[in-house]
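Colleague:
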Amino acid sequence: MSSAAPSVFAIASGVLLALSFPRYGHPAFAFIALVPLYVALSGWNGRPGQVPGVTTGRGFRLGLIAGVIHFAGTVYWTGATVQTFGGLPLPVAVFVTGLLVLYMATYLALASAAAAIFIRRFGLVGLALAPATWVAAEYTRGFLFGGFPWIPLGNTMVTLLPIVQLASLVGVYGLSAFVALINAGFAATALAAGRTRALCLAGTIAVIAAASVWGGQRMAANRLTQGEVVRVGLIQANIAQVDKWNPNRADMILDRYLQLTRQAADGGADFLLWPESATPFFFQDDAAADLVRSMVRQLGKPLLLGSDELERGSPNRYYNSAFMLDTAGTTAAVYRKIHLVPFGEYVPFQRALFFVGPLVEAVSAFTAGERVTMLPVREHMVSTAICYEVTYPGQAREAVRQGSELLTTITNDAWYGESSAAYQHFEMATMRAVEQGRYLVRAANTGVSGIVDPYGRVLIRTKLFETVAVVGEARFVQERTLYARIGDLVALVATVLTVLALGVAAWLKAER
Numbered sequence: 020m021s022s023a024a025p026s027v028f029a030i031a032s033g034v035l036l037a038l039s040f041p042r043y044g045h046p047a048f049a050f051i052a053l054v055p056l057y058v059a060l061s062g063w064n065g066r067p068g069q070v071p072g073v074t075t076g077r078g079f080r081l082g083l084i085a086g087v088i089h090f091a092g093t094v095y096w097t098g099a100t101v102q103t104f105g106g107l108p109l110p111v112a113v114f115v116t117g118l119l120v121l122y123m124a125t126y127l128a129l130a131s132a133a134a135a136i137f138i139r140r141f142g143l144v145g146l147a148l149a150p151a152t153w154v155a156a157e158y159t160r161g162f163l164f165g166g167f168p169w170i171p172l173g174n175t176m177v178t179l180l181p182i183v184q185l186a187s188l189v190g191v192y193g194l195s196a197f198v199a200l201i202n203a204g205f206a207a208t209a210l211a212a213g214r215t216r217a218l219c220l221a222g223t224i225a226v227i228a229a230a231s232v233w234g235g236q237r238m239a240a241n242r243l244t245q246g247e248v249v250r251v252g253l254i255q256a257n258i259a260q261v262d263k264w265n266p267n268r269a270d271m272i273l274d275r276y277l278q279l280t281r282q283a284a285d286g287g288a289d290f291l292l293w294p295e296s297a298t299p300f301f302f303q304d305d306a307a308a309d310l311v312r313s314m315v316r317q318l319g320k321p322l323l324l325g326s327d328e329l330e331r332g333s334p335n336r337y338y339n340s341a342f343m344l345d346t347a348g349t350t351a352a353v354y355r356k357i358h359l360v361p362f363g364e365y366v367p368f369q370r371a372l373f374f375v376g377p378l379v380e381a382v383s384a385f386t387a388g389e390r391v392t393m394l395p396v397r398e399h400m401v402s403t404a405i406c407y408e409v410t411y412p413g414q415a416r417e418a419v420r421q422g423s424e425l426l427t428t429i430t431n432d433a434w435y436g437e438s439s440a441a442y443q444h445f446e447m448a449t450m451r452a453v454e455q456g457r458y459l460v461r462a463a464n465t466g467v468s469g470i471v472d473p474y475g476r477v478l479i480r481t482k483l484f485e486t487v488a489v490v491g492e493a494r495f496v497q498e499r500t501l502y503a504r505i506g507d508l509v510a511l512v513a514t515v516l517t518v519l520a521l522g523v524a525a526w527l528k529a530e531r
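Per the working numbering, residue 20 is the first one in the sequence shown, and the count goes up by one each step.
1. When DSSP builds the beta bridges, which residues end up paired with leucine 323?
2. If serine 26 and isoleucine 84 are in contact, beta carbons under 8 Å, what's the gap, nearest whole angstrom?
3. What distance in whole Å lies between the Cβ atoms of leucine 273 and serine 468, which are believed to be in contact at a cut-off of 8 Å?
4. To the nearest angstrom, how far is it from the Cα of glycine 376 to the Cα of leucine 359?
5. Using a Cβ-Cβ cut-off of 6 Å (strictly less than) and excluding sequence neighbours within five positions of alanine 91, which residues of its own chain qualify?
6. Who are the Cβ neighbours of glycine 193 in its own chain at under 6 Å, not counting the five residues just before and after it?
7. Are the Cβ atoms of isoleucine 470 and glutamate 408 separated by less than 8 Å?
8. My output table needs one value for tyrosine 474: the three-state DSSP class, helix, strand or coil.
9. What are the boundary residues of the alpha helix (DSSP H) that arginine 281 is part of?
10. Tell me whether alanine 488 sits in a helix, a strand or coil according to DSSP, three-state version.
11. For a quick check, are the C-beta atoms of isoleucine 201 and threonine 223 less than 8 Å apart?
12. Between Val101, Val391, Arg316, Glu247, which has its C-alpha nearest leucine 118's C-alpha?
13. How many angstroms separate the CA atom of arginine 77 from the CA atom of alanine 513?
14. In the DSSP assignment, what are the bridge partners of alanine 221?
15. Output the distance between the C-alpha atoms of tryptophan 153 and threonine 350, rounded to the nearest integer angstrom.
16. Quick one: grab the DSSP three-state call for arginine 480.
17. Compare the Cα-Cα distances from leucine 483 to each of Tyr442, Val496, Arg494 and report the closest residue.
18. I'd like the list of long-range same chain contacts for proline 171, defined as Cβ closer than 6 Å, with 5 residues on each side in sequence excluded.
19. To the nearest angstrom, how far is the alpha carbon of glycine 33 from that of alanine 230?
20. Have a look at proline 473 and phenylalanine 114 and give me their C-alpha separation to the nearest angstrom.
21. Roughly how many angstroms lie between the CA atoms of leucine 459 and arginine 66, to the nearest whole one?
22. Between glutamine 236 and the ligand PLP, is there a pair consisting of the residue's CB and a ligand heavy atom that are separated by less than 7 Å?
23. Once the 5 residues before and after glutamate 485 are set aside, which same chain residues still bring their CB inside 8 Å of it?
24. Which runs of the beta strand (DSSP E) fall wholly inside the segment 238 to 266 and span at least 3 residues, in chain order?
25. Express the C-alpha separation of serine 313 and alanine 566 in angstroms, rounding to a whole number.
26. Counting Cβ pairs closer than 8 Å, one from the segment 269 to 283 and one from the segment 310 to 329, do we hit at least three?
27. What residues in its chain sit with their C-beta under 6 Å from that of alanine 132, if we drop five residues either side in the sequence?
28. With DSSP run on the structure shown, which of helix, strand or coil describes threonine 159?
29. Decide yes or no for the touch test of the segment 201 to 217 against the segment 231 to 250: beta carbon pairs closer than 8 Å, at least 3 of them.
30. Between which two residues does the alpha helix (DSSP H) containing proline 55 stretch?
31. Check whether the Cβ atoms of valine 315 and glycine 286 sit closer than 8 Å, and answer yes or no.
32. Classify valine 523 as buried or exposed, calling it buried when 16 or more other Cβ atoms lie within 10 Å of its own Cβ.
33. Compute the beta-carbon to beta-carbon distance between leucine 426 and alanine 452, rounded to the nearest angstrom, for a pair I have assumed lies under 8 Å.
34. Give the range of the alpha helix (DSSP H) segment to which serine 195 is assigned.
35. Going by beta carbon distance, what residues of the same chain come within less than 6 Å of glutamate 295, once the five residues before and after it are set aside?
36. Taking just the CA atoms, how far does alanine 135 sit from tyrosine 122?
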């Protein structure tokens with residue numbers, strides 16, 4: 020292999036990873052996306068059966084190259100968002116996006132460095148350990164510094180319905196392990212010789228086939244679609260971001276929500292959802308809230324709505340909240356968002372990022388909520404996640420542990436325009452339905468709104484930037500999946516395995 024070839028292979032993996040996610044690619048790319056990177060990490064010299072490996076530093080650099088390409092192609096939309104709504108000059112917005120891309124890519128680089136150590140020490144067996152390093156890094160990214168669990172590798176499988184059923188057993192990080200293992204199998208096929216090559220190929224195909232057959236049988240059994248029916252009305256008011264807090268548009272905004280809500284109720288909705296920050300006022304403080312409560316009483320339908328909340332004190336605290344109104348229009352419960360959006364609802368490391376001054380001024384300083392809250396609907400309990408916190412698997416699991424029979428999520432994706440972000444966000448929400456074995460209903464200001472069943476089948480899906488009220492059928496479910504019981508055990512095992520294998524590799528090096 021020429022000196023430039025490993026970098027070319029890393030670039031190829033970055034491109035294939037980016038193409039594995041919506042909206043411009045296809046999930047099938049995920050089955051081969053890591054193969055070029057793994058071949059590069061093996062130090063392949065064109066001779067079958069020889070995997071000398073590369074140095075740790077080179078492994079890190081190759082992973083960083085792949086990661087930068089991958090995340091630049093998937094979270095590129097952050098630049099336009101902070102420029103348009105954060106008031107940053109274009110060069111600064113590009114720089115901020117570059118920092119995020121580099122931060123996310125560093126995890127992939129660390130995983131690649133560890134994989135390089137294993138391949139150099141253990142050969143093809145070390146390649147089999149590479150998926151553990153990927154999952155350990157991805158899982159750590161999901162909680163370190165508050166976490167940023169956007170687009171884990173396993174989420175590429177969400178539209179491949181037979182495969183995604185594995186999430187009910189092992190969650191999205193377990194699916195990441197599955198996808199990375201398939202890639203390692205194909206890479207081993209390319210690297211091995213003779214009978215070993217045939218065994219690697221046959222074993223990899225057998226794993227895909229077994230997962231597909233089991234998933235198909237689970238879907239055919241359809242056990243989780245037998246609960247009590249609830250007809251849900253999703254209100255997608257399609258309010259432009261520049262209008263949301265314009266006092267001259269407040270009456271128009273509220274009138275649109277009231278009109279669409281009545282339309283959904285006339286369509287047979289039992290339970291109504293407005294998106295995140297739907298009201299152009301603080302719901303608990305403004306007299307306009309009486310119009311909403313009065314409508315709910317007239318309709319006799321419970322309503323979940325998003326609104327900013329002010330808690331007066333020294334100092335005042337602001338929350339991104341969801342209010343559950345019962346059929347009498349009274350507040351039955353309030354949920355305060357736990358996982359705030361960095362650079363959207365707060366600016367992390369403000370002293371270090373002194374050059375984003377306009378963004379600091381534009382971003383509201385919200386306070387994080389402290390706990391998952393159950394929301395009563397009829398005789399049942401439901402839960403909600405606000406905006407991007409639906410990407411946290413543990414939060415949905417905690418809601419189900421507390422008794423949630425229906426997952427909801429409310430969001431405002433107007434920030435993202437027509438970029439890939441809204442599509443990525445919807446698919447990550449869909450993964451929570453499969454993991455927890457629950458129906459998930461989603462109300463988004465500008466879309467995508469929808470209803471997903473416990474097997475990941477999308478029953479209703481709106482288009483972006485349409486003004487619409489849709490009504491669809493969901494069900495209350497009480498049965499818990501294996502993943503709901505064991506959580507991210509696969510990710511924890513992968514992390515421990517990675518640490519132990521690094522220790523063994525270091526010990527073997529010292530012994531030589």
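Even for Gly, the Cβ is constructed at its ideal location relative to N, Cα and C.
Since the model is a prediction, treat every value here as computed from it, not as a measurement.
Modeller: If we stick to the structure as given:
1. Per DSSP, the beta bridge partners of leucine 323 are Leu292, Met343.
2. Between isoleucine 84 and serine 26 the Cβ distance is about 6 Å, and since that is below 8 Å, they are a contact.
3. Actually they are not in contact, since the Cβ atoms of serine 468 and leucine 273 sit about 19 Å apart, beyond 8 Å.
4. Any reading at glycine 376 must be qualified, since the residue scores a pLDDT of 49, below 50, and its modelled position is unreliable; the value itself is stated next. Between glycine 376 and leucine 359, the C-alpha separation is close to 19 Å.
5. By the criterion of a C-beta distance shorter than 6 Å, alanine 91 is surrounded in its chain by Val120, once the five residues flanking it on both sides are discounted.
6. Apart from sequence neighbours up to five positions away, the residues of its chain that approach glycine 193 with a beta-carbon distance below 6 Å are Val509, ordered along the chain.
7. No, the pair does not count as a contact, with Cβ atoms beyond the cut-off.
8. Tyrosine 474: coil per DSSP, three-state reduction.
9. In the DSSP annotation of this structure, the continuous segment of the alpha helix (DSSP H) that includes arginine 281 starts and ends at 269 to 285.
10. The answer is strand: DSSP assigns alanine 488 an E or B state.
11. Cβ atoms of isoleucine 201 and threonine 223: closer than 8 Å.
12. For leucine 118, the nearest C-alpha among the options comes from Val101.
13. Distance between the alpha carbons of arginine 77 and alanine 513 is about 23 Å.
14. In DSSP, alanine 221 forms no bridge with anything.
15. The straight-line gap from Cα to Cα measures roughly 44 Å.
16. Arginine 480 carries a strand assignment under DSSP once its states are collapsed to helix, strand and coil.
17. Closest by C-alpha distance to leucine 483, out of Tyr442, Val496, Arg494, is Tyr442.
18. Once the five neighbours on either side are set aside, the close Cβ partners of proline 171 are Glu157, Val191, Ser195.
19. Their backbone Cα atoms lie some 26 Å apart in a straight line.
20. One C-alpha to the other measures close to 40 Å.
21. Inter-residue distance for leucine 459 and arginine 66 is about 50 Å (C-alpha atoms, whole angstroms).
22. Among the components modelled here there is no ligand, and therefore nothing to report on the ligand PLP.
23. Taken in chain order, the residues that qualify are Gln255, Asn257, Gly466.
24. Counting only runs of 3 or more, we get 248 to 255.
25. Coverage of the chain is limited to positions 20 through 531, which leaves residue 566 absent and any answer about it impossible.
26. Judged by pairs of C-beta atoms under 8 Å, the segment 269 to 283 touches the segment 310 to 329, as three or more such pairs exist.
27. Answer for alanine 132: Thr75, Gly78, Phe79, listed in chain order.
28. Looking at threonine 159 - three-state DSSP - the assignment turns out to be helix.
29. Here the segment 201 to 217 does not lie against the segment 231 to 250, with fewer than 3 beta-carbon pairs under 8 Å apart.
30. First-last of the alpha helix (DSSP H) with proline 55: 54 to 60.
31. Not closer than 8 Å, so no.
32. By the 10 Å Cβ count, valine 523 comes out exposed.
33. Confirmed, about 6 Å.
34. Residues 186 to 210.
35. Taken in chain order, the residues that qualify are Gly325, Ile405, Cys406, Ile429, Thr430, Asn431.
36. Going from the Cα of tyrosine 122 to the Cα of alanine 135 covers about 20 Å.
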